[in-house]
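Trainee:
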């Protein structure tokens, strides 16, 4: 899997978008220059373009994109993915995706620590170095846990959970040589499995027999 350092050596500048948390974080990475970052607490459809304006950066100038595909805010992530797909229509460029919980786990460098995010319906996304990303029931969470700051949750946070900062700028700097990235031609929010649909056959309503 590619690393951030590898991506930056092959493509520059790179536009980074992370809308997984309550803060939409946008950065521009350029080889040989300090990264430039900004963030917004507006909804993603507004925050992304406000951030581009604050950075004075035109997405058409990007040689590649890096974005967070989740877990996290599904609406925010899909909004970012939609923007990337639109920009790709105008000009095709490499797109790299990473998992938010893997980013945190690689920065903390503790294979015994599980990094979690709420997956709804009393289940949690759980990432552990060496085991990857799983979805587990709330009652099955055990051991030491960490949850990124600013990630929404609907179930009570397990008592043994440490809240850890989610500053994408700092996390990417700490994990520049970790194999975090994967290339994708169809950016979208991460799903553990593809959705399944039940076929419904319409029927004419009839009154019950007398």
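Numbering (my numbering), first residue to last: 208 to 417. Quick reminder that beta carbons are idealized off the backbone N, C-alpha and C, glycines included.
Using DSSP's beta-bridge definition, name the partner residues of residue 323.
Mentor: In the DSSP output, where bridge partners are listed per residue, residue 323 has 333.
Trainee: Which partner residues of residue 273 appear in the DSSP bridge assignment?
Mentor: Note: residue 273 sits in a beta bridge opposite 223 and 303.
Trainee: What number of angstroms, rounded off, separates the C-alpha of residue 389 from the C-alpha of residue 336?
Mentor: Residue 389 and residue 336: Cα-Cα distance of roughly 17 Å.
Trainee: Can you name, in chain order, every residue of its own chain whose Cβ lies under 7 Å from the Cβ of residue 357, other than the five neighbours on each side?
Mentor: Excluding sequence neighbours, residue 357 sits near 228, 229, 230 and 373.
Trainee: Per DSSP, what kind of secondary structure is residue 284 in: helix, strand or coil?
Mentor: Helix.
Trainee: Please go through the same chain and pick out, in chain order, the residues whose beta-carbon is closer than 8 Å to the beta-carbon of residue 375, but skip the five residues on each side of it.
Mentor: Here the set comprises 223, 225, 232, 234, 244, 275 and 310.
Trainee: Taking its Cβ as the centre, do 16 or more other Cβ atoms sit within 10 Å of residue 216, making it buried, or is it exposed?
Mentor: By the 10 Å Cβ count, residue 216 comes out exposed.
Trainee: Tell me the DSSP secondary structure of residue 294 in three-state form.
Mentor: In the structure shown, residue 294 sits in a helix (DSSP, three-state: H, G or I).
Trainee: Over the uninterrupted beta strand (DSSP E) stretch that includes residue 339, give me the two end residues.
Mentor: Its beta strand (DSSP E) spans residues 339-344.
Trainee: Look at the alpha carbon of residue 268 and the alpha carbon of residue 348, and state the distance between them as a whole number of angstroms.
Mentor: Near 44 Å, if we compare the C-alpha coordinates of residue 348 and residue 268.
Trainee: Give the secondary structure of residue 163 by DSSP, where H, G and I count as helix, E and B as strand, and everything else as coil.
Mentor: Residue coverage of the chain in this structure runs from 208 to 417, which leaves residue 163 outside it and unanswerable.
Trainee: Between the alpha carbons of residue 286 and residue 218, how many angstroms are there, rounded?
Mentor: Between residue 286 and residue 218, the C-alpha separation is close to 24 Å.
Trainee: Where residue 242 and residue 288 are concerned, what is the direct C-alpha to C-alpha distance, given to the nearest angstrom?
Mentor: Cα to Cα, residue 242 sits roughly 22 Å from residue 288.
Trainee: Check the DSSP bridge columns for residue 370 and list the partner residues they point to.
Mentor: Its beta-bridge partners are 354.
Trainee: Within its chain, find whatever has a CB closer than 6 Å to the CB of residue 384; leave out the 5 residues flanking it on each side and keep chain order.
Mentor: Excluding sequence neighbours, residue 384 sits near 210 and 212.
Trainee: When DSSP labels each residue in this structure, what does residue 328 get in the three-state scheme?
Mentor: DSSP places residue 328 in coil when its eight states are reduced to three.
Trainee: Can at least three beta-carbon pairs, one atom from the region 322-338 and one from the region 249-263, be found at a separation below 8 Å?
Mentor: Contact between the region 322-338 and the region 249-263 is absent, because fewer than three Cβ pairs lie under 8 Å.
Trainee: Taking the C-alpha atoms as reference points, what is the distance between residue 221 and residue 284?
Mentor: So the alpha carbons of these two residues sit roughly 18 Å apart.
Trainee: Less than 7 Å between C-beta atoms, sequence neighbours within five positions excluded: which residues of the same chain meet that for residue 362?
Mentor: Excluding sequence neighbours, residue 362 sits near 325, 329 and 345.
Trainee: Assign residue 403 to one of three DSSP states: helix, strand, or coil.
Mentor: For residue 403, the predicted structure reports a pLDDT of 46, less than 50, and the residue's modelled location is therefore unreliable. The matter cannot be settled from this model.
Trainee: Comparing C-alpha positions only, which one of 262, 240, 239 and 236 sits nearest to residue 247?
Mentor: Here the closest residue by C-alpha is 262.
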